[in-house]
Amino acid sequence: MTPDIVSLRRMRHGDNFRATSLRMPENIQGPVIGVDHAWMSGPVFPPHHHAGLSAVSYVFLDSETGINNRDNIGTSNFIAPGGMHWTTAGRGIIHEEVPAESNKTVHSLQIFVGLSAGKQSMPPEALPLEASEIPVVRTDKYSVRIPAGDFQGIKSPLLPPEEITILDISLEKNAVIELPLSADHCAFILPVYGEVNIDGLKFNHNDLRVPVYSSQDKPVTLFAEATEEKTKFMFFSGPPLS
273 MTPDIVSLRR MRHGDNFRAT SLRMPENIQG PVIGVDHAWM SGPVFPPHHH AGLSAVSYVF
333 LDSETGINNR DNIGTSNFIA PGGMHWTTAG RGIIHEEVPA ESNKTVHSLQ IFVGLSAGKQ
393 SMPPEALPLE ASEIPVVRTD KYSVRIPAGD FQGIKSPLLP PEEITILDIS LEKNAVIELP
453 LSADHCAFIL PVYGEVNIDG LKFNHNDLRV PVYSSQDKPV TLFAEATEEK TKFMFFSGPP
513 LS
């Protein structure tokens, strides 16, 4: 299965924010519109507006601190390392996220997920998921956290407005993991650390390249192998939006 290759770009806002940024081309119709893999060490973005999509914050377990989140529908919470906060903007929401502690860096993903046409005007809502609530599948070769969707029959408790799977995968060197892809689902893999070999193609964070797999008529399986120590990548999949 040959993927499309989509380029990432580096971005920076002042001294407190840097990221590698993915924006999906319009011809790729998966649920994810874009992802920012970010390091934030201070307040960067003032309260800002989203509408017609979901803005999802996932804080990596290795983050030095968490995020203080608040919005104009009454949410005020702490997103701890390992936790996720799903903001369904719907017809509109204003929110702000800042590092919970000064002089410490948040390592996180900001994930932008589209809403199907019938849901773009739904009331906004907040769906927090604590680190302890995220299921984990562990073997001696890999660890898979399941913030959304399911893996090997283990399902996340999160109930997002659109069908999506988000997996945080850590592999030991030379370990191989099978990633099933349902019929009519598209997928992509975002390297975080190390290097991953997917069906003979190698990707790492510094390459600024992401493999994107179009939906197929029947289920397929991707095989991902870590070619370096402590390899980590994110796996996203779901059906195209209507």
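Convert by adding 272 to the 1-based position in the sequence shown; the result is the number in this note's numbering. From the three backbone atoms N, C-alpha and C, an ideal C-beta is built for every residue, glycine too.
Supposed close pair residue i, residue j - CB separation, criterion 8 Å
i           : j           : result
residue 335 : residue 393 : That belief does not hold up - the Cβ atoms of residue 335 and residue 393 are roughly 34 Å apart, past 8 Å.
residue 316 : residue 338 : Actually they do not touch by this definition, with Cβ atoms about 16 Å apart.
residue 492 : residue 453 : 5 Å
residue 326 : residue 387 : 7 Å
residue 383 : residue 331 : Contact doesn't hold; Cβ gap of about 12 Å is too wide.
residue 296 : residue 328 : The pair is not a contact, with the Cβ atoms about 15 Å apart (cut-off 8 Å).
Rounded C-alpha distance that separates residue i from residue j
i           : j           : result
residue 298 : residue 385 : 14 Å
residue 278 : residue 485 : 11 Å
residue 426 : residue 370 : 32 Å
residue 354 : residue 390 : 31 Å
residue 258 : residue 451 : There is simply no residue 258 to check, as the chain begins at 273 and stops at 514 in what is shown.
residue 320 : residue 405 : 28 Å
residue 408 : residue 443 : 13 Å
residue 438 : residue 323 : 22 Å
residue 487 : residue 273 : 10 Å
residue 318 : residue 500 : 39 Å
residue 415 : residue 445 : 13 Å
residue 413 : residue 345 : 43 Å
Own chain partners of residue i with C-beta closer than 7 Å, once the 5 adjacent residues on each side are dropped
i           : result
residue 282 : 292
residue 435 : 510, 511
residue 411 : none
residue 333 : 353, 354
residue 372 : 337, 338, 339, 340, 350
8 Å Cβ shell around residue i - same chain, five flanking residues per side excluded
i           : result
residue 375 : 313
residue 495 : 448, 449, 450, 451, 470, 471
6 Å Cβ shell around residue i - same chain, five flanking residues per side excluded
i           : result
residue 276 : 484
residue 497 : 448, 469
residue 343 : 365, 367
residue 377 : 311, 313, 336
Boundaries of the beta strand (DSSP E) in which residue i is found, first to last residue
i           : result
residue 508 : 503–510
residue 468 : 467–470
residue 498 : 492–498
residue 283 : 281–285
residue 411 : Run containing residue 411: none; DSSP gives neither H nor E here.
residue 450 : 448–453
residue 363 : Looking at the DSSP string, residue 363 is not in any beta strand (DSSP E), and its letter there is neither H nor E.
residue 352 : That residue, residue 352, is in no beta strand (DSSP E); it is neither H nor E in DSSP.
residue 383 : 378–386
residue 484 : 481–485
residue 273 : Residue 273 -> no beta strand (DSSP E), and no H or E assigned at all.
residue 312 : 304–312
Checklist entry - Taking three-plus beta-carbon pairs below 8 Å as touching, is the region 468–487 in contact with the region 415–434? => result no
Next on the checklist: Would you call the region 503–512 in contact with the region 455–463, where contact means no fewer than 3 C-beta pairs closer than 8 Å?
Outcome noted: Using a Cβ-Cβ distance cut-off of 8 Å, the region 503–512 and the region 455–463 are in contact, since at least three pairs of beta carbons, one from each stretch, lie closer than that value.
Next on the checklist: Three or more C-beta pairs under 8 Å: does that hold for the region 492–506 against the region 461–468?
Outcome noted: yes
Next on the checklist: Assess contact between the region 341–361 and the region 393–404, defined as three or more Cβ pairs (one per stretch) separated by less than 8 Å. Is contact present?
Outcome noted: yes
Checklist entry - At a cut of 8 Å, does the region 339–356 reach the region 399–413 through at least three beta carbon pairs? => result yes
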